[in-house]
Amino acid sequence: MSPGHMLYRGREGMWMWVVHRVTGVAIFFFLLIHVLDTSLVRVSPEAYNEIIASYKTPLYGLIEAGLVAAISLHAFNGLRIIAVDRSAWALRHQRMLVWIVWGIFALLMAGFLPRHLMHVFGGA
Amino acid sequence: MTVTEDAPVGEIATLNVTIRIKRMNPEGTPARAPGESYWEEFHVEAHATDRVLDALHTIKWQEDGSLTFRRSCAHGVCGSDAMRINAKNRLACKALLKDLNPSRPITVEPIAGLPVVKDLVVDMEPFFASYREIMPFLVTTGHAPTRERLQSPEDRAKFDDTTKCILCAACTTACPVFWTDGQYFGPQAIVGAHRFIFDSRDEGQWDRLEILNDKAGVWKCRTAFNCTEACPRGIEVTKAISEVKRALTTGEF
Ligand code: FES
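Same order as they appear, the protein sequences are chains A and B. When we follow our numbering, the leftmost residue of the first sequence carries the number 102, and every step to the right adds one. When we follow our numbering, the leftmost residue of the second sequence carries the number 9, and every step to the right adds one.
In structure tokens form, the structure reads like this:
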């Protein structure tokens, strides 16, 4: 038997806090890379072109899909947090709002993913 | 009316449960180094109506007298026995064994974020220090009136919820922000402040709000709602925190 705490059994609110944190950090690193690669054009246009070309590979295509997922989750959960902070109704129904956030997320991804993946893998 | 129960009339059904307890003895035991924490399992025969606290009593009184935990009232009033039971903070005296899926081992750990003193006992001092800091007492100016300070039922209702707090620390030690940042006042201190900030008879609101406007104050709340779900008194803790945030941004009480 190992010591150490058992993972706390929080509910939707706690898991959305984790999701918000993780997606937030992921978006931060994306932006950091994005700023760096864009500023590369001033240093060396050839290197810039090379990097941008690598973004068209399937691997980056998948990372891009992850980025869109992270941003949409972070955005809609952000709206949920604002709502929870401003209205007593939203506060009391925060768990339902969590599932609405996931619903909107699923809808957006259902629209985006097929087209995007066709683009990445099919070269359409 | 016919009685078709298995157990004879008047007899309470029994239940065999396994309790897994996270233990720590600061002085060490023959088998364990001082301060080492480890899990230990106990098998208890309990009544179907028993609570986790009863099972802990059985263990302490019949199996291992060194098992250490706090309790006083045993009826959910004093706030002594908050523990992490099956990975959630609850009062041992309000958690019925039969509600905890007794066919599997029931885990009991000390609440997190406060230093463990022994077994299930934690040092509550940092928690009480935060509570003291928000000045949990009536602050007034001028002469004391000769009669009681009157208040309308509507004004009284504004802070009714936060008067129910028993300082058990179940909320504060369920908060993921508090686990990683011990400086954070924590939900309980904010509940304690709310009780006076929204009291029309009190005049110390802005002193308390200023304390909670600190970087270790209400703005640390990430609305994870663990506190609200952990509160054994059913206080809407996150709502109280939100109301304090709103008071800070709008100046309205
Ligand atoms: S022992 Fe008093 S609240 Fe549980």
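Virtual Cβ for every residue (Gly too), placed ideally from N, Cα, C. On a predicted model such as this, the values are computed, not experimentally measured, just so you know.
Near the ligand FES: residue i beta-carbon under 7 Å from a heavy atom
i	result
B/His83	yes
B/Cys325	Since the first residue of chain B shown is 9 and the last is 261, residue 325 of chain B is not available in this structure.
B/Ser80	yes
B/Cys229	no
A/Leu133	no
B/Leu104	no
B/Asp89	yes
B/Cys173	no
B/Cys179	no
B/Cys8	Outside the displayed span of chain B (9 to 261) sits residue 8 of chain B, for which this structure offers no information.
B/Cys183	no
B/Cys86	yes
Residue-level contact to chain A via CB, residue i, 8 Å cutoff
i	result
B/Gly242	no
B/Glu260	no
B/Ser160	no
B/Asn109	no
B/Val11	With a pLDDT of 48 at B/Val11, under the threshold of 50, the modelled position of this residue cannot be trusted; read the value that follows with caution. Not one chain A Cβ lies under 8 Å of B/Val11.
B/Ala267	For chain B, the structure presents residues 9 to 261; residue 267 of chain B sits outside this window and is missing.
B/Ala182	yes
B/Thr281	The structure shown does not extend to residue 281 of chain B, since chain B is modelled only from 9 through 261, so no value can be given for it.
B/Glu74	The amino acid occupying residue 74 of chain B in the given sequence is Ser; Glu does not appear at that position. Closer than 8 Å: no.
B/Lys102	no
B/Thr115	yes
B/Ser250	yes
B/Thr170	no
B/Glu237	yes
B/Lys228	no
B/Lys126	no
B/Ala63	no
B/Ala95	yes
B/Lys223	no
B/Thr246	yes
B/Trp166	Correcting the residue type first, residue 166 of chain B is Lys in the shown sequence and not Trp. Output row for B/Lys166: interface = no.
B/Lys68	no
Residues bridged to residue i (per DSSP)
i	result
B/Trp47	B/Lys30
B/Thr22	B/His55
B/Lys96	B/Ile93
B/Leu104	B/Arg59
B/Lys126	B/Val129
B/Glu117	B/Arg92
Cβ distance (whole Å) where residue i is taken to contact residue j below 8 Å
i	j	result
B/Val252	B/Ile205	6 Å
B/Ile198	B/Ala248	6 Å
B/Arg78	B/Val129	6 Å
B/Pro5	A/Trp118	Nothing can be reported for residue 5 of chain B: it is not among the residues displayed for chain B, which extend from 9 to 261.
B/Arg209	B/Arg157	5 Å
B/Asn295	B/Ala182	The structure shown does not extend to residue 295 of chain B, since chain B is modelled only from 9 through 261, so no value can be given for it.
Proximity test, Cβ basis, 8 Å: residue i and chain B
i	result
A/Ile182	yes
A/Gly125	no
A/Met102	Residue placement at A/Met102 cannot be trusted, given a pLDDT of 38 that sits under 50; the coordinates are not used to answer.
A/Tyr109	yes
A/Met197	no
A/Ala176	no
A/Trp203	no
A/Leu208	no
A/Met115	yes
A/Ala171	no
A/Trp200	no
A/Ala189	yes
A/Asp186	yes
A/Arg112	yes
A/Leu63	In the structure as shown, chain A starts at 102 and stops at 225, and residue 63 of chain A therefore has no counterpart that could be examined.
heavy atom of the ligand ZN below 7 Å from residue i C-beta
i	result
B/Leu99	The ligand ZN is not part of the structure shown, which contains the ligand FES as its ligands.
Measuring CB atoms only, is the stretch 183-192 of chain A touching the stretch 128-148 of chain A, in the sense that at least three cross pairs come out at less than 8 Å? no
How about the stretch 28-36 of chain B and the stretch 116-125 of chain B: do they share at least three Cβ pairs that are nearer than 8 Å? yes
Check whether the stretch 157-168 of chain B and the stretch 183-201 of chain B touch, using three or more Cβ-Cβ pairs below 8 Å as the test. no
Between the stretch 130-144 of chain B and the stretch 93-103 of chain B, can you find at least three pairs of beta-carbon atoms closer than 8 Å? no
Within the chosen definition, does the stretch 102-114 of chain B reach the stretch 56-63 of chain B through at least 3 CB pairs nearer than 8 Å? The stretch 102-114 of chain B is in contact with the stretch 56-63 of chain B.
Are the stretch 65-79 of chain B and the stretch 38-45 of chain B touching, with three or more C-beta to C-beta distances below 8 Å? No: the two stretches stay apart, fewer than three of their Cβ pairs being nearer than 8 Å.
Are at least three pairs of beta-carbons, each pair with one atom in the stretch 198-213 of chain A and one in the stretch 172-183 of chain A, less than 8 Å apart? As far as the Cβ criterion goes, the stretch 198-213 of chain A touches the stretch 172-183 of chain A, which means the pair count is three or higher.
Do three or more CB pairs link the stretch 160-170 of chain A to the stretch 209-219 of chain A at distances below 8 Å? yes
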